[in-house]
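See structure below.
As structure tokens, then:
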């Protein structure tokens, strides 16, 4: 079994920064892709950023140039550096992973951006 645990959420003023971390633990043989999703209040969950096992990254348009997903190596934490935050970034952020060809989710960490 694999577990994903997020941390780093919180309250920040508009224009500020936060860094989210996601740690994967358990029986990990292969990490296909890791990603960050978010679910704003009253809205559907959406993909924010993803990083493949080979290190390729992708972002949703609304965060390009502001957010950076990174990982030191395949079995280290995945980070989401979030800069220039605005109130529209307020959401619960979830770590997602395709690990050992199965999908896993973290419990979510809330991010609130005040104006």
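Residue numbers (my numbering): 63 to 177.
All C-beta atoms, glycine included, are put in the ideal place defined by N, C-alpha and C.
The structure presented is a predicted model; accordingly, all values stated were derived computationally and were not measured.
- Apart from sequence neighbours up to five positions away, the residues of its chain that approach residue 177 with a beta-carbon distance below 7 Å are 76, 149, ordered along the chain.
- Residue 160: member of the beta strand (DSSP E) spanning 153-161, first to last residue.
- In this structure residue 79 is not in contact with residue 139, their Cβ atoms being roughly 17 Å apart against a cut-off of 8 Å.
- Secondary structure of residue 124 (DSSP, three-state): helix.
- Taking 8 Å as the cut-off, the Cβ atoms of residue 175 and residue 74 count as close.
- Only exposed fits residue 91, as fewer than 16 other CB atoms lie within 10 angstroms of its CB.
- The beta-bridge partner set that DSSP reports for residue 68 consists of 84.
- The C-alpha of residue 119 lies about 21 Å from the C-alpha of residue 70.
- If you look at residue 108, you'll find it in the beta strand (DSSP E) that goes 108-114.
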